[in-house]
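Below is one structure, written out as structure tokens; comments come after it.
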Amino acid sequence: MCCQNRKGLMEGTLMRSKELIFIVAFVIVLGSAILTAQLSQRGEKASSVTAVTPEVVITQLQEDGREKSETMVLLGAPPMQPVNHIDRWNPAQRQESCMACHGNESTGAPTPPKDHFYDEDIKNRVFRDNCIQCHAQQNDSKSAFNEK
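Residue numbers for the sequence shown follow the numbering used here, beginning at 93 and rising by one.
Next comes the structure, spelled out in structure tokens:
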């Protein structure tokens, strides 16, 4: 019985020491994480004060023969609506306000590409039904970023 008590006492002491080691390790990890975060914030504050923002130069816009930025067409952008299409979009009809002409071969208007339709089949319903979300209306106003 005496040996069993000693064995139980030793196991209890061993468990407590493992718990204590775990708690100490957790506190060390937590403390180092907090210290690292505080040091990195101090470094960011110091570097932001001394940093000088360089002037951004877009070399493509500086090349000879290049269009002005306000008239430049973005590569891969969807075509804009022609000027004579202004105010033709009817939000109540959604895509039908465009497909009245663009879905009818007799009008000569181009048919939307396959990726606008369900399962990429032009005989199916139109998948992209908010045409003006991508195909913006043209206007004569100058962009705000080009004003001086």
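Positions of the beta carbon are idealized from the N, C-alpha and C atoms, including for glycine.
Under a Cβ-count criterion, where at least 16 other Cβ atoms within 10 Å of its own Cβ denotes burial, should Met-191 be classed as buried or exposed?
-> What you label residue 191 is simply residue 99 of the sequence shown in a count that begins at 1. The residue in question, Met-191, is buried, as its Cβ has 16 or more Cβ neighbours within 10 Å.
Compare the Cα-Cα distances from Lys-206 to each of Pro-183, Gly-200 and Asn-216 and report the closest residue.
-> Your numbering for residue 206 matches position 114 in the sequence shown. Selection Pro-183, Gly-200 and Asn-216 evaluated against Lys-206 yields Asn-216 as nearest (Cα-Cα).
C-alpha gap between Ala-125 and Thr-105, whole angstroms | As a first step, residue 125 must be located in the sequence shown, where it is residue number 33. As a first step, residue 105 must be located in the sequence shown, where it is residue number 13. Rounded to the nearest angstrom, the two C-alpha atoms are 30 angstroms apart.
Short check: CB of Val-175 to CB of Gln-230, under 8 angstroms?
-> For the purposes of this step, residue 175 is taken as the residue at position 83 of the sequence shown. For the purposes of this step, residue 230 is taken as the residue at position 138 of the sequence shown. Going by beta carbons, Val-175 and Gln-230 fall inside the 8 angstroms limit.
Residues in its own chain within less than 6 angstroms of Trp-181 by CB, not counting five upstream and five downstream?
-> Translated into positions along the sequence shown, residue 181 becomes position 89. Closer than 6 angstroms at the Cβ level, and outside the excluded window around Trp-181, lie Ser-189 and Ile-224.
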